[in-house]
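The next block holds one structure in the form of structure tokens; read it before the comments.
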Amino acid sequence: MSRIGVLILAAAFAALAGGTVSAREWKSIRIATEGGYPPFNQLDAKDQPIGFDVDIAKALCQKMGATCSFEVLDWDALIPSLNAGKVDAIVSSMSITPERRRQVAFTNRYYDRPTSFVARKDSKVATWDAAGLKDRVVGAVANTVQAAFLQAEIQGGGAQIKLYGSQDEANADLVTGRLDAVLADKLVLAGWLGKPESVCCELKADVDLVKYARFFGEGEGIALRKSDGDLAEKFNKAIADIVADGTYKTINDKYFPFSIY
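According to our numbering, the sequence shown is numbered sequentially starting from 91.
Spelled out as structure tokens, the structure:
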């Protein structure tokens, strides 16, 4: 056979083989969640997963035209189960970190955990940065990203940073006036501000999570196997779609008094 004939035959076989290979349609997706982190994921009276993560996952599946099933796993079993092929995605408030990126792929974030300053309503602090907090006493829970941020970005401006063993201790000192402000997870603070003992205080400012991503990470994303890039594309499009059409806001407002996107 001539060299041209061989090339033609090879091309024909390649075309035939290529015609039998197609991207997976992902009409059925197995989703893992922890089920022990309310209000994001927890179990109802019938041991079925519910919560913000679950509602978001269901909305995404609807956008993708996929039938999704849920499996509740211990936190430490989530990534091993994903990489072993037992589930296809993890929707369980998993923060996007460099360490986890070495094990799995992530979609774009589907929410962020905002960090905020809370202070007395009559606070005279003008700006919630190193200059504005000069000579003020600011509290946070020890060994948290908030504590690390204060020590690295605020303390050098002349603020005194006081660290606590628990959020309740920090909040109590804010109420009694021993602190000028507290920096904490906004979702945690929002829960406290709904209680009678917090009537003195209010949220003052959010930290710029993009500017200070080295402290606070990239948000929470859906974890996938690194080999499933096509599924990541589908999820990313669906995330953008539910944000654009208002579905995300409807779910957000069911759980939180402010946007966490």
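From the three backbone atoms N, C-alpha and C, an ideal C-beta is built for every residue, glycine too.
- Proximity of the segment 236-245 to the segment 282-289 falls short of the contact definition, fewer than three beta-carbon pairs being nearer than 8 Å.
- Excluding the 5 residues flanking it on each side, residue 173 has same chain C-beta neighbours closer than 8 Å at 193, 194, 315, in chain order.
- The beta-carbon distance between residue 200 and residue 329, rounded to whole angstroms, is 5 Å. This is short enough to meet the 8 Å contact definition.
- Between the segment 286-300 and the segment 178-189 there are fewer than three C-beta pairs closer than 8 Å, too few to call the two in contact.
- Looking at the DSSP output, residue 154 bridges to nothing.
- Between the alpha carbons of residue 145 and residue 151 lies a gap of roughly 10 Å.
- Taking 9 Å as the cut-off, the beta carbon of residue 196 is found no closer than this to the beta carbon of residue 126.
- Per DSSP, reduced to three states, the secondary structure at residue 223 is coil, with no helix or strand assignment.
- In this structure, the CA atom of residue 221 is about 6 Å from the CA atom of residue 247.
- Annotation for residue 171: the continuous alpha helix (DSSP H) segment containing it runs 168-173.
- Positions of the beta strand (DSSP E) runs, each at least 3 residues long and wholly inside the segment 256-302, are given as 271-275, 291-296 in order along the chain.
- Cα atoms of residue 324 and residue 154: separation of roughly 7 Å, rounded to the nearest angstrom.
- With contacts defined as CB atoms closer than 9 Å, residue 273 and residue 119 fail to qualify as a contacting pair.
- Under a 10 Å Cβ-count criterion, residue 226 is classified as buried, with 16 or more other Cβ atoms of the shown protein chains found around its own Cβ.
- DSSP places residue 205 inside the beta strand (DSSP E), whose first and last residues are 205-210.
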